[in-house]
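**Student:** Quick one: structure below, then a few questions.
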Amino acid sequence: MAVIPPQTPPRAPVDLVKWVATAIQLVGYGLTGLNYTPWNIYAFIVGIALWFAVGVMWNDRAIMVVHVGAFLSLLLGYLNA
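Under my numbering, the first residue of the sequence shown is numbered 118, with each subsequent residue one higher.
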């Protein structure tokens, strides 16, 4: 009996987008902790936009809605600061 080695599934473009978005969001949290405003806001906007794109790629409305809400909250907070 031949042993078939496990194969790694091919990576989809969405995998790269979601990991880049996650890294950028983490940078945004770090910048917030260091009180680097407005750079933290810029990082969050990019991360939110990328996660919204992931929601579009997956056709996942929940991901899209939560990131539209996050963007609106961030925008209102920034404009009222």
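In this text, a Cβ means the ideal position worked out from N, Cα and C, and glycines have one as well.
Can you look up residue 121 in the DSSP assignment and give me helix, strand or coil?
**Tutor:** Three-state DSSP puts residue 121 in coil, outside helix and strand.
**Student:** Three Cβ pairs or more, each shorter than 8 Å: is that satisfied between the segment 147-159 and the segment 169-185?
**Tutor:** Touching, no, given that fewer than three Cβ pairs across the two stretches are closer than 8 Å.
**Student:** Note down the Cα distance separating residue 148 from residue 184, rounded to an integer number of angstroms.
**Tutor:** Taking the straight line joining both Cα atoms gives about 19 Å.
**Student:** If you follow the alpha helix (DSSP H) that residue 130 is in, where does it begin and where does it stop?
**Tutor:** Start and end: 130-150.
**Student:** Starting from residue 197, trace the alpha helix (DSSP H) both ways and give me its first and last residue.
**Tutor:** 178-197 is the extent of the alpha helix (DSSP H) around residue 197.
**Student:** Taking the alpha helix (DSSP H) that residue 159 falls in, what are its first and last residues?
**Tutor:** 156-175 is the extent of the alpha helix (DSSP H) around residue 159.
**Student:** Classify residue 172 as buried or exposed, calling it buried when 16 or more other Cβ atoms lie within 10 Å of its own Cβ.
**Tutor:** Looking at its Cβ environment, which holds 16 or more other Cβ atoms inside 10 Å, residue 172 is buried.
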